[in-house]
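Final position of the sequence shown in this note's numbering is 497; the numbers increase by one with none missing.
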Amino acid sequence: WGCSAVGGLISAYFSGALLERVSVRQVFALSAALPLVTASVAMLIREKRAAAGTQISSGAKRLADALKKRSVWMPTLFIFVWQATPSAETALFYFTTNELHFGPEFLGRVRLAASAASLVGVLVYQRLLSSVSIKKVLVGVTLASIPLGLTQLLLVTHANRALGLDDKLFALADSAILTVLGQVGFMPVLVLAARLCPPGVEATLFATLMSIYNAASATGSELGALLTHLLGVTDTNFDNLALLVFICTISSLAVLPFAGLIDQADSRELNESDHNETALLDGPSAVKDEREKEKL
Numbered sequence: 202w203g204c205s206a207v208g209g210l211i212s213a214y215f216s217g218a219l220l221e222r223v224s225v226r227q228v229f230a231l232s233a234a235l236p237l238v239t240a241s242v243a244m245l246i247r248e249k250r251a252a253a254g255t256q257i258s259s260g261a262k263r264l265a266d267a268l269k270k271r272s273v274w275m276p277t278l279f280i281f282v283w284q285a286t287p288s289a290e291t292a293l294f295y296f297t298t299n300e301l302h303f304g305p306e307f308l309g310r311v312r313l314a315a316s317a318a319s320l321v322g323v324l325v326y327q328r329l330l331s332s333v334s335i336k337k338v339l340v341g342v343t344l345a346s347i348p349l350g351l352t353q354l355l356l357v358t359h360a361n362r363a364l365g366l367d368d369k370l371f372a373l374a375d376s377a378i379l380t381v382l383g384q385v386g387f388m389p390v391l392v393l394a395a396r397l398c399p400p401g402v403e404a405t406l407f408a409t410l411m412s413i414y415n416a417a418s419a420t421g422s423e424l425g426a427l428l429t430h431l432l433g434v435t436d437t438n439f440d441n442l443a444l445l446v447f448i449c450t451i452s453s454l455a456v457l458p459f460a461g462l463i464d465q466a467d468s469r470e471l472n473e474s475d476h477n478e479t480a481l482l483d484g485p486s487a488v489k490d491e492r493e494k495e496k497l
């Protein structure tokens with residue numbers, strides 16, 4: 202994820218300035234060509250060929266069994282609820298472009314600051330919070346996101362101008378701070394997803410969990426769009442934008458009652474099931490050995 206943040210830095214640095222100098226069509230053409238480079242490099246990766254048949258069926262069975270466990274689906278439910286809260290991101294984008302008249306080049310700088318902040322968030326989690334329990338980190342991030350998220354009201358209501366803060370400077374700093382917080386919250390989700398994966402279906406279950414995470418993000422965007430429509434916020438009418446931002450920010454508190462679901466991932470049940478899964482993969486003798494160890 203640190204490499205991803207560095208890649209974001211590079212793309213953000215060129216995106217805004219590039220759009221000022223070339224046409225939109227050329228930018229889209231370049232964006233479409235870059236994934237072809239990634240696909241070409243992927244062909245150089247050497248993988249050990251696996252036999253099809255029994256491995257696919259047994260892998261599908263292990264995946265289904267894993268998803269039935271409370272130690273897997275309960276933390277997964279928390280991940281979904283945590284990410285599915287409504288978002289006012291689209292409305293804020295139109296506000297910054299149509300009301301504050303931020304141009305493509307400055308928006309590129311905002312992305313650049315956000316990418317740098319994302320890298321900082323990765324380092325903060327790795328150096329300071331990696332040894333802290335996932336539940337404490339996510340609850341702390343949720344609580345911290347309320348006052349920090351409400352700072353956007355200063356920009357929406359133009360109160361920052363009364364405080365002598367320039368719109369662009371405030372937007373840049375606010376985006377960087379919220380991105381650091383968001384990345385600090387995202388890292389334990391990855392750790393939790395990796396911890397939930399039993400042996401033999403790690404890649405499949407991890408991809409499933411990330412798909413659920415992305416589905417939750419889409420759900421949050423749709424809920425935000427519904428609130429935007431109900432409050433009458435459009436690309437030119439921002440009278441109720443402050444209320445929209447307030448509702449979306451406060452809604453994050455709704456996930457706190459579900460924080461107890463994370464405890465399932467740290468329970469002995471998960472560790473025992475992982476040992477048993479490994480033993481099953483190794484054969485009947487390994488199962489017997491595992492049981493003997495548990496008795497001891």
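Where a beta carbon is used, it is the ideal one built from N, C-alpha and C, also for glycine.
From the options, residue whose alpha carbon lies closest to that of residue i
i	options	result
residue 278	356, 397 and 435	397
residue 345	386, 417, 235 and 301	386
residue 317	378, 281, 285 and 432	378
residue 437	292, 249 and 454	292
residue 369	319, 410, 358 and 310	310
residue 351	445, 439, 249 and 239	445
residue 390	399, 414, 376 and 381	414
residue 501	383, 337, 330 and 301	The chain is shown only over 202 to 497; residue 501 falls outside these bounds and no answer can be derived.
residue 335	244, 388 and 403	388
residue 393	382, 406 and 381	406
residue 297	237, 458, 342 and 354	354
residue 423	269, 248, 287 and 239	287
residue 427	457, 449 and 416	449
residue 263	404, 430, 452 and 458	404
residue 381	315, 421 and 433	315
residue 451	420, 343, 459 and 442	343
residue 464	421, 340 and 212	340
residue 455	248, 270 and 282	282
residue 459	226, 337 and 434	337
residue 399	242, 233 and 267	267
residue 425	294, 225, 372 and 299	294
residue 447	289, 417 and 374	289
Bounding residues of the alpha helix (DSSP H) (the contiguous stretch that carries residue i)
i	result
residue 438	Premise fails: residue 438 is in no alpha helix (DSSP H) and is neither H nor E.
residue 241	225–243
residue 280	271–284
residue 457	Neither: residue 457 is in no alpha helix (DSSP H) and is coded neither H nor E.
residue 369	368–397
residue 414	403–431
residue 306	305–325
residue 294	290–295
residue 346	335–351
residue 362	360–363
With 16 other Cβ atoms within 10 Å as the buried cut-off, status of residue i
i	result
residue 204	exposed
residue 348	exposed
residue 408	exposed
residue 284	buried
residue 322	buried
residue 492	Reliability of the predicted coordinates at residue 492 is poor, the pLDDT of 39 falling under 50, and no value is obtained from them.
residue 304	exposed
residue 312	buried
residue 384	buried
residue 361	buried
residue 439	buried
residue 410	buried
residue 319	buried
residue 356	buried
residue 331	exposed
residue 495	In this predicted model, residue 495 has a pLDDT of only 39, less than 50, meaning its place in the structure is not dependable enough to derive any value.
residue 273	buried
residue 367	exposed
residue 230	exposed
residue 246	exposed
residue 442	buried
residue 333	exposed
residue 276	buried
residue 433	exposed
residue 223	exposed
residue 429	buried
residue 402	buried
residue 329	exposed
residue 372	buried
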